[in-house]
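**Q** Keeping their order, the protein sequence lines are chains A and B.
Just so you know, numbering that gives the first Met the number 0 puts 134 at position 135 of the first sequence, and the rest follows in order with no gaps.
Just so you know, numbering that gives the first Met the number 0 puts 178 at position 179 of the second sequence, and the rest follows in order with no gaps.
Beta carbons: idealized from backbone N, C-alpha and C, even for Gly.
Model, not experiment: these values are computed from the prediction.
Let me give you the structure first, and then I'll get to my questions.
2 protein chains.
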Amino acid sequence: MSGIADVARQAGVSKSTASRALSGSGYVSQETRDRVTRAAEMLGYVPSTNAQSLSTGRTQNIGVVMPYVNRWFFAEVLEGIQAALLERGLDLTLYDAKPGSDTRERIFESFLTRKRFDGLIAVGLEPEENELDSMLALGKPVVSVVGNHERTSVVTLDDALTARRATEHLIELGHRRIAFLGAGSRTRWPHVESSRLDGYMQSMADAGLAEEATHTESELTLPAGYDAAVELLSDARTRPTAIVAACDEVAIGAIIAARRLGLHVPAALSVIGIDDHEFAEMFALTTFRQVPREQGAAAVELLMRQIQDPTLAPVIQRLKPRLIVRSSTGPLRSDRATADATV
Amino acid sequence: MSGIADVARQAGVSKSTASRALSGSGYVSQETRDRVTRAAEMLGYVPSTNAQSLSTGRTQNIGVVMPYVNRWFFAEVLEGIQAALLERGLDLTLYDAKPGSDTRERIFESFLTRKRFDGLIAVGLEPEENELDSMLALGKPVVSVVGNHERTSVVTLDDALTARRATEHLIELGHRRIAFLGAGSRTRWPHVESSRLDGYMQSMADAGLAEEATHTESELTLPAGYDAAVELLSDARTRPTAIVAACDEVAIGAIIAARRLGLHVPAALSVIGIDDHEFAEMFALTTFRQVPREQGAAAVELLMRQIQDPTLAPVIQRLKPRLIVRSSTGPLRSDRATADATV
DNA sequence: ACCTGCTATGGGAGCGCTCCCGAATTGATC
DNA sequence: GATCAATTCGGGAGCGCTCCCATAGCAGGT
């Protein structure tokens, strides 16, 4: 393994000059620069990032903390972040901080304090107050994806607005008995969930449907949505004609449940989601599209700015979703069509 | 930020002694050790991993290269790896190497050569020959999860065996027209796919059903499985009575397709998968369970051993799957029950 | 009394880089 | 011809740690 000293010797210059030539900063004549570059290439020189970091205090590495990676939203955000970082030549260190786990505590107490990164991106973390404190105490820029606090920069979907629009879409189609699926005090995303539930509630109230408003708890996964929907839909008398799902996975679970109960979608039941999940098309799900990949990229962009100028004030990017109309929603029908159940 | 020199001063010892006390190696009296520990605690001392790495050559960091993170198998393996690393106090830097992408090339050409890790885990990479070369050229231990080469240690499901068992399960139930869903020359997992297809083929041949063997191409995703199954099942005359799916996502796609076509599962069509995906239970899918999370942990274990003793010969861990019988498979029926299609 | 071997500690080189600073050269300006 | 700014380069300190080596005290054996 050759170091910069070897490169310098090979090029017939000093270490300092070699360093300057390679980093592109400071005065170096074009000719020497070329000579150094060639020497480096010849020797297959790869700078030691460790030595660089030690000397400069910059790690060229970004930390990403998230509670899950095996869920669509998180995985997509992660890929977005990764792509944006690779483009900039930066490494990505992942910290998987499952809520309530003992490792989560260790991550905040010990892993993060090592500060092996120039900045941190927290994705859907919903950090406790003390967790947020310890992140900020690191003295490194922090950007959140999803979140409602004002202490870091945030890029997030406008949850309340989205849920409002989703509800309005159903109201415009003539529905009145519109249920919300996926709110829960037990869920892991208190902020997102409550905002979406709020949006739904508000729209219902605005339309004079406050009385009709109802919500059923469900974790934000497909199987949970399925189970919750089965329960919600099983009683034909109280059954809603439309469902606002907290996210697409829940919505798809509801569609599958409806099919199994013999309820035609959208004739007997309209379902709208939020996400535009990779399965949405397959289930013809009408939904509001958010693109987590872009959110990841935006977070990186924000973080870069903040690393460059740490005095920058926190920024909040509240993204507007776009309605994707497919065929899981339709006008209210009086006859409430039902087909035979396909067990 | 206080360094080890501060700790040493505070404890009234030399840097060397402080270092020894903290690292636990070398001769230090219990009393001094305590004193140093207390001093460190008091000052909130956090060692600079950079300085440590520079000095020792060890990074306390593991690199993970994978082509996707937004797929069940990969995400699960990643979580398994992460958990195992956190337990050992090691960091994880992620490299997302999408096949065919230009960033993939950059990862191998430039990111990996920085060697910011003590070892590498390649998950389902299916590396090109030159990619494998450049990974091995780093001089760091490499462990693969999924793969068929002998140049690194590997932990992988016994694909051929699993597919054979799956096929045999259906044969034992009396099926003869058994189709394989999910093989494809265009897919990204040539090794896995071909092994599973081979296993299927072999079982069919062993049972004298070589003539009946047929396979339909499908990428290894739920929507792709759905599309492929729709095509495969639409012609009632050529339709198989059972399907061996290359993985659970494809299997579930097939089940959904069957339902929509009005084919009762398992009365009219048996479907068996491989994975035990998180959705498998919800679709009552009979499948062979593999636990990617454990594979990740096993890979870490293997890697640790190899880091400790780099002369160790590559090890191949071929995992046996366990059959999980649910109700997507059943005995062949002569009447080929069909229900009405639920559109 | 002396040597050996173990324990306990400190001194200081070295890991590979960056970057401050000073020296040297050039060229332009007065 | 002197002054000054702009450029080009090398020397070397320093980033924060580990670890080799030297030193020294203190058994215990001969």
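Under the three-state reduction of DSSP, which class applies to A/T155: helix, strand or coil?
**A** Of the three classes helix, strand and coil, the one that applies to A/T155 here is strand, per DSSP.
**Q** Could you check if B/V324 is buried or exposed, using at least 16 other CB atoms within 10 Å of its CB as the buried criterion?
**A** exposed
**Q** Please report the straight-line C-alpha distance between A/L169 and A/V64, rounded to a whole angstrom.
**A** 36 Å
**Q** Does B/F179 have its Cβ less than 8 Å from a Cβ in chain A?
**A** no
**Q** My output table needs one value for A/R292: the three-state DSSP class, helix, strand or coil.
**A** helix
**Q** Taking the beta carbon of A/K319 as the centre, do at least 16 other beta carbons fall within 10 Å, making it buried, or is it exposed?
**A** exposed
**Q** Indicate the three-state DSSP secondary structure (helix, strand or coil) for A/F72 in the structure shown.
**A** helix
**Q** Establish whether the CB of A/L91 and some CB of chain B are separated by less than 8 Å.
**A** yes
**Q** Is B/V144 close to chain A, meaning its C-beta is less than 8 Å from at least one C-beta of that chain?
**A** Closer than 8 Å: no.
**Q** Just the chain A side, please: which residues come within less than 8 Å of B/M41 by C-beta, in chain order?
**A** Residues of chain A passing the Cβ test: none, with the nearest at roughly 15 Å.
**Q** Note down, in chain order, all residues in the stretch 274-296 of chain A with a beta-carbon under 9 Å from any beta-carbon belonging to chain B.
**A** E277, F278, E280, M281 and F282
**Q** Once DSSP output is grouped into helix, strand and coil, what is the label at B/E89?
**A** A small correction: the amino acid at residue 89 of chain B is Leu; Glu does not occupy that position in the sequence shown. It is coil, neither helix nor strand.
**Q** Between B/V68 and chain A, is the shortest Cβ-Cβ distance under 8 Å, so that the two count as touching?
**A** yes
**Q** Under a three-way DSSP split, which group does B/H214 fall into?
**A** strand
**Q** Is A/N49 close to chain B, meaning its C-beta is less than 8 Å from at least one C-beta of that chain?
**A** yes
**Q** Starting from the beta carbon of A/A74, find every residue of chain B whose beta carbon is closer than 7 Å, and list them in chain order.
**A** For a Cβ distance threshold of 7 Å, residue set V68, N69 and A74 of chain B lies close to A/A74, ordered along the chain.
**Q** How would you list, in chain order, the residues of chain A whose beta-carbon sits under 8 Å from the beta-carbon of B/V45?
**A** Within 8 Å Cβ-Cβ: T112, R113 and K114.
**Q** Is the Cβ-Cβ distance between A/R304 and A/A245 less than 8 Å?
**A** no
**Q** In the DSSP assignment, find the unbroken beta strand (DSSP E) run with A/D274 in it and report its ends.
**A** S269 to D274
**Q** Please list the terminal residues of the continuous beta strand (DSSP E) segment that includes A/G118.
**A** G118 to V122
**Q** In chain A, what lies closer than 7 Å to B/R105 by C-beta?
**A** L85
**Q** For A/R115, which residues in the same chain have their Cβ closer than 8 Å to its Cβ, ignoring the five residues on either side in sequence?
**A** T58, N60, G62 and T92
**Q** Counting pairs of Cβ atoms below 8 Å between the stretch 77-95 of chain B and the stretch 283-297 of chain B, do you hit three or more?
**A** yes
**Q** Any idea if B/L268 is buried or exposed, counting beta-carbon neighbours within 10 angstroms, 16 or more meaning buried?
**A** buried
**Q** What whole-angstrom Cβ distance do A/A159 and A/G198 have, given they're in contact under 8 Å?
**A** With a beta-carbon spacing of about 4 Å, A/A159 and A/G198 fall inside the 8 Å limit used to define contacts.
**Q** When DSSP labels each residue in this structure, what does B/V141 get in the three-state scheme?
**A** B/V141 falls in the strand class under three-state DSSP.
**Q** With DSSP as the reference, label A/Q316 as helix, strand or coil.
**A** Of the three classes helix, strand and coil, the one that applies to A/Q316 here is strand, per DSSP.
**Q** Report the three-state DSSP secondary structure of B/N129 (helix, strand or coil).
**A** Here DSSP, grouped into helix, strand and coil, assigns B/N129 to helix.
**Q** Which residues in chain B sit within 9 Å of A/S1, going by Cβ to Cβ distance?
**A** Within 9 Å Cβ-Cβ: nothing; A/S1 doesn't reach chain B, min ~13 Å.
**Q** Please list, in chain order, all residues of the same chain as B/S52 whose beta carbon is under 6 Å from its beta carbon, the five residues on each side excluded.
**A** For B/S52, the CB contacts under 6 Å within the same chain, skipping 5 residues up- and downstream, are T58 in chain order.
**Q** Would A/A50 and A/V6 be called neighbours here (beta carbons separated by less than 8 Å)?
**A** no
**Q** What does B/A356 pair with, by DSSP beta-bridge criteria?
**A** In the structure displayed, chain B extends from 0 to 342; residue 356 of chain B sits before or after that span and is not available.
**Q** Name the residues in the stretch 124-141 of chain A whose C-beta lies less than 8 Å from a C-beta of chain B; which are they?
**A** Nothing from the stretch 124-141 of chain A brings a Cβ to less than 8 Å from some Cβ of chain B.
**Q** Going by DSSP, name the residue or residues bridged to A/N147.
**A** DSSP, once it has assigned bridges, lists no residue as partnering A/N147.
**Q** Within this structure, are the beta carbons of B/V270 and B/T220 separated by less than 8 Å?
**A** no
**Q** Could you say which of A/E248, A/R34 and A/T240 lies nearest to A/L262 if we only look at CA atoms?
**A** In this structure, A/T240 is the residue among A/E248, A/R34 and A/T240 with its C-alpha nearest to the C-alpha of A/L262.
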